[in-house]
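Quick notes on the structure that follows.
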Amino acid sequence: MEVNNIINAVKSFNQDARHFQILYLSIFLLYGVFGLDWDISATRILVVLGSAIITQFIWIRIVHGKLSALKSALITGLGLCLLLNSASLLTMGLASFLAISSKFILRIKNKHLFNPANFGIIVSIIVFQDAWISPGQWGSSALFLFVLSVLGGIILHKIGRLETTIVFLAALFLMEFGRTVLYQGWGMDVLFHKFSSGTLLLFSFFMITDPMTIPNAKASRIIWALVLAIATFVLSNWMQIYTAPIWVLFAMTPLTVILDKIYPKLKFEWTSNSKKMNLVNSKPKIN
Amino acid sequence: MKTKKIVLTALICLLGLSGRSFCGFYVAKADAKLFNKSSQVILVRDGNRTTVTMSNDFKGDVKDFAMVVPVPTIIGRKDIKIADASVFNKLDAYSGPRLVEYFDQNPCQVNRVYAEHSLDMITTTSVREISAFRKDKAKSLGVTIEAQYKVDEYDILILSAKESNGLKIWLVQNGYKIPAQAEEVLAPYIKNNMKFFVVKVDVEKLDQINGMQNVNKYIDDPVMAKSRNLRPLQITYDSPKFMLPIRLGMANANGEQDMIVYALTKKGRVECTNYRTTKIPTNKNIPLFIKQKFGQFYVDLFDKAHNKADKEAVFLEYAWNVSPQFTGMKCDPCVGPPPIYTDLVKAGADWVLNSNNQVGDPVFFTRLHVRYSRETHPRDLEFQVTPNNEHFQARYILTNPASGDLTCDEGQKYCAKMVKKRAGELEELKTLTSWNTVQYKNYVQEYYDKLDDPRLLYDVEEDKNEIIPITPSNHTDPGLGLKLMIMGSVFITMLIMTLSLRLKRLRMA
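Here the protein sequences line up with chains A and B, keeping their order.
So for the first sequence, the numbering used here puts the first residue at 1; every next one is plus one.
So for the second sequence, the numbering used here puts the first residue at 1001; every next one is plus one.
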């Protein structure tokens, strides 16, 4: 039956939160290229995605992992296309290659240390010095931001990491509100403009929620998100680092390791949790 | 005391150590009409050091001129300079949107040449007025005069204020009237511990510099008084912030204002971090008659691009490595002589020559054009220097048709192609500017009439002047060795892991 086939297809799509991530990230990329006239060539997208998938495939063969992990590689590749810029194709391809490889080389206790896209971005900016992030590239189109938050929320709900994003955004919003509006006396429109950055929302919904690189326990995730928000607030307001969250996330890797040690039991509790957890387990189990 | 109205234009902007800061404001006569204002700023960024040069095309009587600029720190005398106004003209002419003209050859007789035209961009017209500075009572209002300098024709004060009300009263007492909208942004800037850089003009000194004091004795002509030119002021400071505060400049603006930013860096392009930076449409084939109205064409093109980008984008109009030592193509077409060492040094990029007067570091030039208003731009403009050294120019292409007899077969084909090409050009014009192009029917008709057999139109394809100049950037990858090394080491790690896993399995077996 055709109807059954469709239902089965939807069901199997629904099985893995990564399918939604791939779909949404692709929509954002198309919006950027066609709606916002981003200066991204098709070649660049092919190089980044190709490099991510091929690298993941090689690593899967090496560690005898599951082929479904290719989906994670695609997510990392899309993330890199959305956040990282470089005039050099070699840098873009290499960022992708290093991002995926970091998952297999830099590991502690069967968990990779860094969010792969975050790792690729930071290494390209610091080491190669010919890459950059354009935090302003999204503009502040209200409709787009609404869609991004709703779609992001659905995915996070599916993978059970919504509280990380909510705590991070709420804490950051409160601090910015206190400083910008209450202390400095700017209007609310200034504050809203700060939070209408597509880069910030993409980061909040798609990067800091990667279950493989953030703490396992809910309590530690909340502490972790608070630290992330405070550090972002300080860096962006006193050091003028407009891409602060991405740097803070990179620097916070040791904290994840420590928090996982402090709350090790909770990891069990979380994984034994209902059907939501099954979805998580099917998430980036990298290899 | 005569009350004068402060008119705020976004001209000069400085960085706050923490938080926002705002642009300088001009003081103008109450009846001054200030619509469609535009301003020009040269921004030079090297590490945390920023040099801002503010163009000063004030057209009224200079004794009416005054300007207040917020600054992050008390600026030392050595960090205030007077720049050469010609630098703005040179940078503008060199980086402005350009029209390139091609000449078709008559196919019935037996290379293409082009000429180019530069576009003088919109100029600023505004009238400003000054009132005398009064230092007394300043203290009691919480306003402190931190420093006082005379820099040629300019009298400069650096003020600090404890609260916005005190500063407002001080300004009012000294003959300035603050528009209500400006007040709301004074407080945030004071909260950030900003100093205020207040400038007026010493008219006698200015006349002395211009050698006019004797002429003034004998000729009393108000027109002459109004034709004095003011030179741009240049200030340098160290601050991690790289931004142009525009909020105060909006206070008295009726709607939108334009600003052209000429940014010079060592590394690459400058882009806005809190608003979208996007390219202006470029390399378009447009009708020949645009040659006479290129100014209007570009104004309308910009207008349409601005509207299409939700009125919030910052447009890139030019990006190029302008280092005098850069051997690649400097421009195509070149609309003016490229800036030379002295121009770049005058603009503030003092690194082009090192202490021994030898060739120093490179200079990358970015021209940004932003049209802003209170509604669409609630925040000051923040920038970053990127390593992007790809070249860009706003370039529009005209085609001069072949002249002479076109009755031969090739000539007829040419005419058919021209019909299609010209129709295409009109459509492009419509897309770019929203002009009603039906009125230019004759432009296409001209070549249609030369066709003996209109059916030929179906047999030819449109011939576009797609000669887009090669815009070379630095193609040699300086980090190539490092990149290959890192890639190699990851491959080696892969190999080692493969072998060790195999070994493990073998042992287990």
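A virtual CB, placed ideally from N, CA and C, is assigned to each residue, including glycine.
Min CB distance residue i to chain B below 8 Å
| i | result |
| --- | --- |
| MET312 of chain A | Any answer about residue 312 of chain A is impossible in this case: the structure gives chain A only from 1 up to 287. |
| VAL127 of chain A | yes |
| THR195 of chain A | This sequence places Phe at residue 195 of chain A; Thr is not what is there. No, because no Cβ of chain B sits closer than 8 Å to the Cβ of PHE195 of chain A. |
| LEU98 of chain A | yes |
| SER134 of chain A | yes |
| GLN184 of chain A | yes |
| ILE105 of chain A | yes |
| ALA87 of chain A | yes |
| GLY120 of chain A | no |
| LEU70 of chain A | no |
| GLY77 of chain A | no |
| LEU94 of chain A | yes |
| TYR31 of chain A | no |
| TRP247 of chain A | no |
| ILE62 of chain A | yes |
| TRP138 of chain A | yes |
| VAL257 of chain A | no |
| ASP189 of chain A | yes |
Residue burial classification, residue i (beta-carbon count within 10 angstroms, cutoff 16)
| i | result |
| --- | --- |
| ARG61 of chain A | exposed |
| TYR1275 of chain B | buried |
| LEU106 of chain A | exposed |
| GLN15 of chain A | exposed |
| PHE1491 of chain B | exposed |
| ASN1354 of chain B | exposed |
| GLY152 of chain A | buried |
| PRO254 of chain A | exposed |
| ARG1371 of chain B | buried |
| MET1418 of chain B | buried |
| LYS66 of chain A | exposed |
| GLY35 of chain A | exposed |
| TYR24 of chain A | buried |
Any non-hydrogen atom of the ligand NAP closer than 7 Å to residue i Cβ
| i | result |
| --- | --- |
| SER1355 of chain B | In the structure shown, the ligand NAP is absent, as is every other ligand, since no ligand is present at all. |
For residue j and residue i, the rounded distance between their alpha carbons
| i | j | result |
| --- | --- | --- |
| ILE58 of chain A | SER149 of chain A | 34 Å |
| THR1399 of chain B | ASP1258 of chain B | 31 Å |
| LYS1191 of chain B | LEU1141 of chain B | 16 Å |
| ARG1269 of chain B | LEU1456 of chain B | 48 Å |
| LEU1501 of chain B | THR164 of chain A | 36 Å |
| VAL1460 of chain B | PRO1454 of chain B | 11 Å |
| SER72 of chain A | ILE1246 of chain B | 43 Å |
| ARG1077 of chain B | TYR1149 of chain B | 7 Å |
| ASP1409 of chain B | SER1403 of chain B | 15 Å |
| ILE1340 of chain B | ARG1049 of chain B | 22 Å |
| ARG1395 of chain B | TYR1447 of chain B | 26 Å |
| ASN984 of chain B | TYR1414 of chain B | No answer is possible for residue 984 of chain B: it lies beyond the span of chain B, which begins at 1001 and ends at 1509. |
| ILE155 of chain A | VAL1185 of chain B | 40 Å |
| ALA1509 of chain B | ARG221 of chain A | 42 Å |
| VAL1143 of chain B | LEU1484 of chain B | 59 Å |
| GLY185 of chain A | PHE1197 of chain B | 22 Å |
| LYS194 of chain A | TYR1298 of chain B | 32 Å |
Residue-level contact to chain A via CB, residue i, 8 Å cutoff
| i | result |
| --- | --- |
| GLY1479 of chain B | yes |
| GLY1166 of chain B | no |
| THR1386 of chain B | yes |
| CYS1013 of chain B | Unreliable placement is indicated for CYS1013 of chain B, whose pLDDT of 30 sits below 50; no coordinate value is reported for it. |
| ALA1147 of chain B | no |
| VAL1490 of chain B | yes |
| ARG1507 of chain B | no |
| GLU1428 of chain B | no |
| LEU1233 of chain B | no |
| message | Within 8 Å, do at least three Cβ pairs link the segment 1211 to 1220 of chain B to the segment 1046 to 1054 of chain B? | response | no
| Stretch pair the segment 1384 to 1394 of chain B + the segment 84 to 92 of chain A: three plus CB contacts closer than 8 Å | yes
| task | Report yes or no: do the segment 1202 to 1212 of chain B and the segment 1342 to 1349 of chain B share at least 3 C-beta pairs separated by less than 8 Å? | result | no
| What are the uninterrupted segments assigned as beta strand (DSSP E) that are 3 or more residues long and contained completely in the segment 1302 to 1374 of chain B, given in chain order? | 1314 to 1321, 1364 to 1372
| Those runs of the beta strand (DSSP E) which lie wholly inside the segment 83 to 122 of chain A and span at least 3 residues | 84 to 86
| query | Can you find at least 3 beta carbon pairs, one from the segment 178 to 186 of chain A and one from the segment 217 to 227 of chain A, that sit closer than 8 Å? | reply | no
| Do the segment 47 to 58 of chain A and the segment 3 to 22 of chain A touch if we need at least three Cβ pairs shorter than 8 Å? | no
| request: Mind the definition here: the segment 1314 to 1325 of chain B touches the segment 1358 to 1370 of chain B only if three or more C-beta pairs lie below 8 Å; say whether that holds. | output: yes
| field | alpha helix (DSSP H) runs contained entirely in the segment 1396 to 1468 of chain B, provided each spans 4 or more residues | value | 1409 to 1433, 1441 to 1448
| Inside the segment 182 to 241 of chain A only - alpha helix (DSSP H) runs reaching at least 4 residues | 188 to 195, 198 to 202, 218 to 238
| What beta strand (DSSP E) runs, 3 residues minimum, are completely inside the segment 1245 to 1282 of chain B? | 1257 to 1265, 1270 to 1272, 1277 to 1279
| Are the segment 197 to 210 of chain A and the segment 135 to 142 of chain A in contact at 8 Å, needing three or more beta carbon pairs? | yes
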